[in-house]
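The structure appears right after this line, and notes come after that.
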Amino acid sequence: YFFITHDLGVVKHFCDRILVMYLGNTCELCESKELFAHPLHPYTKSLLASVPRPTVNRVKNEEEILQGEVPSSTNPPKGCPFHTRCSSCMDVCRIVKPESKEVRPQHFVACHLFDQKGALNHEV
């Protein structure tokens, strides 16, 4: 089945595999347990950080909080569609749209932070 939602609480318990998209572009694809345990794409990390948690003193990391306006879906920015809001944006992100690559077993990410072998190019 194919299930579309913004409710990550439902996704965690209902879906076996999750595809995270931003402006109609694939960011991350993997098993549900893997995504919640090891999110890799900066957008996925921001999404998961936005889920309310019943904790007393949790302080959000500034990199988890999205800044700026959502780009136009009819006139998206050149390069990575998320680069205008990404705290880990590099020069290449503004020019080249990243391709999805397998960086862990059955864990695919479309992000320039990861090289072909899955090693981190830049600390996230």
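Mapping to my numbering: the sequence shown position 104 is 106, numbers consecutive. Glycine residues also receive a C-beta, built at the ideal position from the N, C-alpha and C atoms. Note that the coordinates shown come from a computational prediction; the quantities given were computed from them, not determined experimentally.
DSSP three-state assignment for residue i, whether helix, strand or coil
{"i": "C32", "result": "strand"}
{"i": "R96", "result": "helix"}
{"i": "V22", "result": "strand"}
{"i": "H85", "result": "coil"}
{"i": "F16", "result": "helix"}
{"i": "K80", "result": "coil"}
{"i": "V68", "result": "The question names Val, but residue 68 is Leu in the sequence shown. Three-state result, L68: coil."}
{"i": "P42", "result": "Residue 42 is actually Leu in this sequence, not Pro. DSSP places L42 in coil when its eight states are reduced to three."}
{"i": "S52", "result": "coil"}
Cut-off 7 Å between Cβ atoms - residues of its own chain near residue i, not counting five sequence neighbours on either side
{"i": "K99", "result": "G81, C82"}
Contact set for residue i: own chain, Cβ-Cβ below 8 Å, skip 5 residues either direction
{"i": "R96", "result": "P79, K80, G81, C82, H85"}
{"i": "E36", "result": "R106, Q108, H109"}
{"i": "F4", "result": "none"}
{"i": "G120", "result": "Low per-residue confidence applies at G120: pLDDT is 45, beneath 50, and the placement is therefore not dependable, though the value from the model is reported in the following sentence. So the list reads K103, E104, V105, R106, once near-sequence residues are dropped."}
{"i": "T46", "result": "V22, C29, E30, L37"}
For residue i: DSSP bridge partner residues
{"i": "V111", "result": "E30, K103"}
{"i": "F5", "result": "Answer by DSSP bridge pairing: none, since F5 is not bridged."}
Close beta carbons around residue i, own chain, < 6 Å, minus the five adjacent residues each side
{"i": "H43", "result": "C29, E30, V111, C113"}
Residue nearest to residue i in terms of C-alpha spacing, selected from the options
{"i": "K103", "options": "D93, L115, F4, M92", "result": "L115"}
{"i": "R19", "options": "V12, D9, E33, N27", "result": "E33"}
{"i": "V72", "options": "V53, Y24, C91, V94", "result": "Y24"}
Chain B contact for residue i (CB, 7 Å cutoff)
{"i": "E33", "result": "The chain labelled as chain B is not found in the depicted structure, where only one protein chain is given."}
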